[in-house]
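J.: Here the protein sequences come in this chain order: A and B. The first sequence runs 1 to 248 under full-length UniProt numbering. The second sequence runs 1 to 250 under full-length UniProt numbering. A single structure is presented below for examination.
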Amino acid sequence: MERLFLDRDSRVHRLSPEVKIAAVLLFTVVVVITPREEFTAFAGYAVLIALVTAPARVPAGWLLRRSTIELPFVLLAVLLPIFGHGERVDWLGLSLSVDGLYGAWNIVAKGTLGVLASLLLAATTTMRDLISGLDRLRCPAVITQIMTFMLRYVDVLIDDARRMRIARLARAYDPRFLWQAKAFAVGVGSLFLRSYERGERVYLAMLSRGYTGTMPSVAGRAPAREWAISSALPVAAAGMAVAAAALP
Amino acid sequence: MTAALRITGLTFAYPDGREALRGVDLTLTPGERVALLGPNGAGKTTLVLHLNGILHGGAGRVEISGLPVTPGDRKAITEIRRRVGVVFQDPDDQLFMPTVAEDVAFGPANLGVRGDELDARVTEALTAVGMLEHRDQIPHHLSFGQRRRVAVATVLAMRPEILVLDEPSSNLDPASRRELAEIIESLPVTVLMVTHDLPYALELCPRSVILDAGRIVADAPTGELLADRDLMAAHRLELPFGFDPAAVRR
Chain A
1 MERLFLDRDS
11 RVHRLSPEVK
21 IAAVLLFTVV
31 VVITPREEFT
41 AFAGYAVLIA
51 LVTAPARVPA
61 GWLLRRSTIE
71 LPFVLLAVLL
81 PIFGHGERVD
91 WLGLSLSVDG
101 LYGAWNIVAK
111 GTLGVLASLL
121 LAATTTMRDL
131 ISGLDRLRCP
141 AVITQIMTFM
151 LRYVDVLIDD
161 ARRMRIARLA
171 RAYDPRFLWQ
181 AKAFAVGVGS
191 LFLRSYERGE
201 RVYLAMLSRG
211 YTGTMPSVAG
221 RAPAREWAIS
231 SALPVAAAGM
241 AVAAAALP
Chain B
1 MTAALRITGL
11 TFAYPDGREA
21 LRGVDLTLTP
31 GERVALLGPN
41 GAGKTTLVLH
51 LNGILHGGAG
61 RVEISGLPVT
71 PGDRKAITEI
81 RRRVGVVFQD
91 PDDQLFMPTV
101 AEDVAFGPAN
111 LGVRGDELDA
121 RVTEALTAVG
131 MLEHRDQIPH
141 HLSFGQRRRV
151 AVATVLAMRP
161 EILVLDEPSS
171 NLDPASRREL
181 AEIIESLPVT
191 VLMVTHDLPY
201 ALELCPRSVI
211 LDAGRIVADA
221 PTGELLADRD
231 LMAAHRLELP
241 FGFDPAAVRR
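This is the structure in structure tokens:
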């Protein structure tokens, strides 16, 4: 469950989750609303990411490997200059649409910056902390409760599925074609039923311990100092955006 | 002396018409450890869920240390659920929070305990089951026996008067089974233990009752009860191969 989390001790790791979530969210908003022609602003954002990565002790190679999740969107972006309309330029014998080039740059630059910022957040904050951070940011309790239960039970569910798969294989089940997938589909169905029944039993166990419909609140608040430190990221980004727009 | 638990004339039928309890009478004195025996489908779990007011609606009355279980009264029912700690059979059902400490804190937090007092409760309960060093772990990473012990701690943190254990020894290896027995013996609470593990009942509970077809059909010292072959056979209870209750010295 903690595949993205890098267990290090760093100043970024120690920050309260809610300040990190807020900083990444605001940074991403600034990135997204920056006009695509402001190349210097985007260069500045990349520098900001690097400035957070270093003290967070997140290896650059790790960030790059993880950011490959973005590749499907990059592929889409590559198609834009080729199939785009309007004014065209010649490059290495290819006729490319200028508007398409801008569009591709827009997707790749904003996407990459957003992915990198999110990865930094995930690398420095555990799932548990992310959820309590959202809770303290007044995210609706229904959503954070569902996430909390998912965090607790996803491994139980995976174990259930694994045991059922082994039980199928032990009876010489060896699906090779789509029409042999019936046993798998039935397995998914019974996994759903099992989880549903577990949900009922968990609810009884919660009632037995005095649950009345609201989870006990997560105590604690981030100190103002942490808010100040983390706000440096979106504030600096916003500053760069304004400066880039003001310069000719 | 007020009984720790007094059940009188309790009946219950499920919405589909199946009668699970047909007039149960049972009294437990404070500090007593009693085993609740009976075949599958006898109504044991149904009875347990009546003790803290989760199931209700039939005739009869349940009192915990003199306080009647009144499901309509939210305040009273919270107090009942503090007094009656139910440890369910599958610890994965009982441990639903991401970490051990958060799970143990869930019960007392629902009772309004906060801050340092809450921390102290968690430490106290985890110490009682010997799991304090695992407080920040994820329940999934614990062994089954450890999870069962944490499940007991989640209830102890509410400082219950009656501990209700549903199949406490099921799926435990012999060492974990013995460790849990030592923990149960060390607790200064009234215990009602639902079990199919008859040697465990003999080891831990001086008194046993048999529930069958929704009625208490026997109530006697555990040793005597297990030695009564006809009674045992009549209610589908069987001792493990080679086990002779008369040969066990208490």
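All C-beta atoms in this analysis are idealised placements derived from N, C-alpha and C, irrespective of residue type, glycine included.
Does K20/A pass the burial test, meaning 16 or more other C-beta atoms within 10 Å, or should it be called exposed?
T.: Taking the first residue of the first sequence as position 1, residue 20/A is located at position 20. By the 10 Å Cβ count, K20/A comes out buried.
J.: Does any residue of chain D bring its CB to less than 7 angstroms from the CB of L151/A?
T.: No chain D is present in this structure, whose protein chains are A and B.
J.: So what does DSSP say about E38/A, is it helix, strand or coil?
T.: Your numbering for residue 38/A matches position 38 in the first sequence. Of the three classes helix, strand and coil, the one that applies to E38/A here is coil, per DSSP.
J.: May I ask you to list the residues that DSSP assigns as paired with G85/B?
T.: Working through the second sequence from its first residue, we reach residue 85/B at position 85. Note: G85/B sits in a beta bridge opposite L163/B.
J.: Can you confirm whether D160/A, when its beta carbon is compared against all beta carbons of chain B, has any partner nearer than 7 angstroms?
T.: Walking along the first sequence from the start, residue 160/A turns up at place 160. So no, D160/A is outside the interface.
J.: For K75/B, count neighbouring Cβ atoms within 10 angstroms of its own Cβ and tell me buried if that reaches 16, exposed if not.
T.: Numbered from its first residue, the second sequence carries residue 75/B at position 75. It counts as exposed.
J.: Between M97/B, L132/B and S169/B, which has its C-alpha nearest R148/B's C-alpha?
T.: Counting from 1 along the second sequence, the entry for residue 148/B is found at position 148. Residue S169/B is the option with its Cα nearest to R148/B.
J.: Can you round the beta-carbon distance between R66/A and L119/A to whole angstroms, since I take them to be within the 8 angstroms contact cut?
T.: By one-based count along the first sequence, residue 66/A stands at place 66. By one-based count along the first sequence, residue 119/A stands at place 119. Rounded, the Cβ-Cβ distance is 5 angstroms, consistent with contact.
J.: Alpha carbon to alpha carbon, how far is D103/B from M1/A? Give it in angstroms, no decimals.
T.: Here residue 1/A corresponds to residue number 1 of the first sequence, with the count starting at 1. Here residue 103/B corresponds to residue number 103 of the second sequence, with the count starting at 1. Reliability fails at M1/A, whose pLDDT of 47 lies under 50, so the model's placement of it is uncertain and the value that follows must be treated cautiously. Approximately 18 angstroms, taken between the alpha carbons.
J.: Does the region 224-233 of chain A come into contact with the region 126-143 of chain B, if we say contact requires no fewer than three beta-carbon pairs (one atom in each stretch) closer than 8 angstroms?
T.: They do not touch, by the three-pair rule.
J.: For L111/B, which residues in chain A fall below 8 angstroms Cβ to Cβ?
T.: Working through the second sequence from its first residue, we reach residue 111/B at position 111. Near L111/B (Cβ distances below 8 angstroms), the residues of chain A are G210.
J.: For the beta strand (DSSP E) containing G38/B, list its first residue and its last residue.
T.: Against the second sequence, residue 38/B aligns to sequence position 38. That residue, G38/B, is in no beta strand (DSSP E); it is neither H nor E in DSSP.
J.: If you follow the alpha helix (DSSP H) that P234/A is in, where does it begin and where does it stop?
T.: Within the first sequence, residue 234/A is the residue found at index 234, counting from 1. Unbroken alpha helix (DSSP H) run through P234/A: A224 to A246.
J.: Looking at the unbroken alpha helix (DSSP H) that takes in R11/A, where does it start and where does it end?
T.: Walking along the first sequence from the start, residue 11/A turns up at place 11. R11 to R14 is the span of the alpha helix (DSSP H), which, as asked, contains R11/A.
J.: Within 8 angstroms, do at least three Cβ pairs link the region 45-61 of chain B to the region 187-201 of chain A?
T.: Flag = no, the region 187-201 of chain A and the region 45-61 of chain B do not touch.
J.: Under 9 angstroms Cβ-Cβ, which residues of chain B neighbour D174/A?
T.: In the first sequence, the residue the question calls residue 174/A occupies position 174. Result: empty, since nearest Cβ-Cβ is about 30 angstroms, beyond 9 angstroms.
J.: Could you compute how far the alpha carbon of T27/B sits from the alpha carbon of V150/B?
T.: Sequence index remark: in the second sequence, residue 27/B carries index 27 (1-based). Sequence index remark: in the second sequence, residue 150/B carries index 150 (1-based). In a straight line, the C-alpha of T27/B is about 28 angstroms away from that of V150/B.
J.: Since Q137/B meets chain A, which of its residues come closer than 9 angstroms, beta carbon to beta carbon?
T.: By 1-based counting over the second sequence, the position of residue 137/B is 137. Ordered by position in chain A, no residue passes the 9 angstroms Cβ test against Q137/B, which lies about 12 angstroms from the chain.
J.: For T2/B and G223/B, what's the separation of their Cα atoms in angstroms?
T.: Start at 1 with the first residue of the second sequence, and residue 2/B comes out as number 2. Start at 1 with the first residue of the second sequence, and residue 223/B comes out as number 223. The alpha-carbon atoms of T2/B and G223/B are separated by roughly 27 angstroms.
J.: Run the CB neighbour count on K182/A, radius 10 Å, all protein chains shown included, and call it buried at 16 or more, exposed below.
T.: Here residue 182/A is taken as the residue at index 182 of the first sequence, counted from 1. K182/A should be labelled exposed.
J.: For chain B, find out if any of its Cβ atoms is closer than 7 angstroms to the Cβ of A205/A; answer yes or no.
T.: Position 205 of the first sequence, counting from 1, holds the residue named residue 205/A. Interface residue, yes.
J.: Select from the region 120-142 of chain A all residues with a C-beta closer than 7 angstroms to any C-beta belonging to chain B, and list them in chain order.
T.: Those residues of the region 120-142 of chain A that come within reach of chain B (Cβ to Cβ, closer than 7 angstroms) are R128.
J.: Run down chain B in chain order and give the residues with a C-beta less than 8 angstroms from the C-beta of V156/A.
T.: Stepping through the first sequence from its first residue, residue 156/A is reached at position 156. Within chain B, the residues near V156/A are D92 and H140.
J.: Between the Cα of W62/A and those of E38/A, G103/A, T124/A and I82/A, spot the shortest distance and give me the residue it belongs to.
T.: Residue 62/A sits at position 62 when you count from the first residue of the first sequence. Nearest of E38/A, G103/A, T124/A and I82/A to W62/A, Cα basis: T124/A.
J.: Taking Cβ-Cβ distances shorter than 9 angstroms, what residues in chain B pair up with T28/A?
T.: Your numbering for residue 28/A matches position 28 in the first sequence. Result: empty, since nearest Cβ-Cβ is about 26 angstroms, beyond 9 angstroms.
J.: May I ask which residues mark the beginning and end of the beta strand (DSSP E) holding T70/B?
T.: The count along the second sequence starts at 1 and reaches residue 70/B at position 70. Per DSSP, T70/B belongs to no beta strand (DSSP E) and is neither H nor E.
J.: Using 7 angstroms as the threshold, is the C-beta distance between A41/A and A241/A below it?
T.: The residue you call residue 41/A lines up with position 41 of the first sequence. The residue you call residue 241/A lines up with position 241 of the first sequence. Their beta carbons are under 7 angstroms apart, which means A41/A touches A241/A by this criterion.
J.: Using the Cβ count rule (16 or more neighbours within 10 Å means buried), how would you classify P15/B?
T.: In the second sequence, the residue the question calls residue 15/B occupies position 15. Under this definition P15/B is an exposed residue.
J.: Going by beta-carbon coordinates alone, are A77/A and V108/A separated by less than 7 angstroms?
T.: Stepping through the first sequence from its first residue, residue 77/A is reached at position 77. Stepping through the first sequence from its first residue, residue 108/A is reached at position 108. In this structure, V108/A lies closer than 7 angstroms to A77/A by Cβ.
J.: Kindly list the residues whose CB is nearer than 8 angstroms to the CB of L172/B, restricted to its own chain and excluding five residues on each side of it in sequence; keep chain order.
T.: Counting from 1 along the second sequence, the entry for residue 172/B is found at position 172. Excluding sequence neighbours, L172/B sits near F144, G145, R148 and L180.
J.: Excluding sequence positions up to five away, which residues of its chain have a Cβ less than 6 angstroms from the Cβ of L49/B?
T.: Mapped onto the second sequence, residue 49/B falls at position 49. So the list reads L55, once near-sequence residues are dropped.
J.: Report the residues of the region 182-195 of chain B with a CB closer than 7 angstroms to any CB of chain A, ordered along the chain.
T.: Within the region 182-195 of chain B, no residue qualifies.
J.: Quick check: G43/B and L21/B, are their CB atoms within less than 7 angstroms of each other?
T.: In the second sequence, the residue the question calls residue 43/B occupies position 43. In the second sequence, the residue the question calls residue 21/B occupies position 21. A contact, by the Cβ cut-off of 7 angstroms.
J.: Need the endpoints of the alpha helix (DSSP H) that S208/A sits in, please.
T.: If you number the first sequence from 1, residue 208/A lands on position 208. Per DSSP, S208/A belongs to the alpha helix (DSSP H) from K182 to S208.
J.: Find the residues of chain A that neighbour T78/B, judging by a C-beta separation of less than 7 angstroms, and give them in chain order.
T.: For the purposes of this step, residue 78/B is taken as the residue at position 78 of the second sequence. In chain order: G210.
J.: Quick test of your reading: A125/B and A175/B, contact by CB under 8 angstroms. State the CB separation rounded to the nearest angstrom.
T.: Taking the second sequence and counting its residues from 1, one reaches residue 125/B at position 125. Taking the second sequence and counting its residues from 1, one reaches residue 175/B at position 175. Wrong, their Cβ atoms sit about 22 angstroms apart, outside the cutoff.
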